[in-house]
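One structure is given below, encoded as structure tokens.
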Amino acid sequence: LELPANKTEHLPGYLPVVPGMPVLLTENMATELGLSNGTRGIFRQLVYEESSADIQFQDKNFPTNTKFITQPKYALVEFPNSKLDSELAELQPKIIPIPTSSTNNLSIIEQV
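Here the sequence shown is numbered in the numbering used here, starting from 10 and rising by one per residue.
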């Protein structure tokens, strides 16, 4: 996840995320399901759009084996206390897809 420098309040614009790390929801997404501002979750993985073919660079500035990495479509986050009654299709229980294209939906919870 990456944000412009002027939107990060002097924090790095690049946010490294690791599966299993605690995160905090920073927007009301579905309050009826317990997904509101301040809800704690566990980051599981980023999901990217599938590409039909590898993008090849035809530029002398990049090595021939350079890989093009796209922006993630959404983050899969486990919310253990959510009120979701049934699993979403093809996902484990309590796993919710959080779009990454909208504003900053997740914050990292720092261990103190």
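Beta carbons: idealized from backbone N, C-alpha and C, even for Gly.
Pair within 8 angstroms by beta-carbon distance, residue i and residue j
i	j	result
Phe52	Ala84	yes
Pro81	Thr109	yes
Phe88	Gly29	no
Beta bridge counterpart(s) of residue i as assigned by DSSP
i	result
Ala98	Ala98 pairs with nothing; no bridge assigned.
Pro108	Tyr83
Identity of the residue in the options nearest residue i by Cα
i	options	result
Val7	Arg49, Val86, Asn70, Lys82	Residue 7 cannot be examined here, being either before or after the span of the chain that is shown, 10 to 121.
Glu41	Ile104, Pro31, Leu93	Leu93
Glu58	Thr79, Gln101, Leu44, Leu34	Thr79
Asn46	Ser91, Asn70, Leu33	Leu33
Pro25	Asn90, Asn37, Leu55	Leu55
Gly43	Lys69, Asn74, Asn90, Pro31	Asn90
Chain C within 8 angstroms of residue i, Cβ atoms only
i	result
Glu58	This model lacks chain C altogether, as it is built from one protein chain only.
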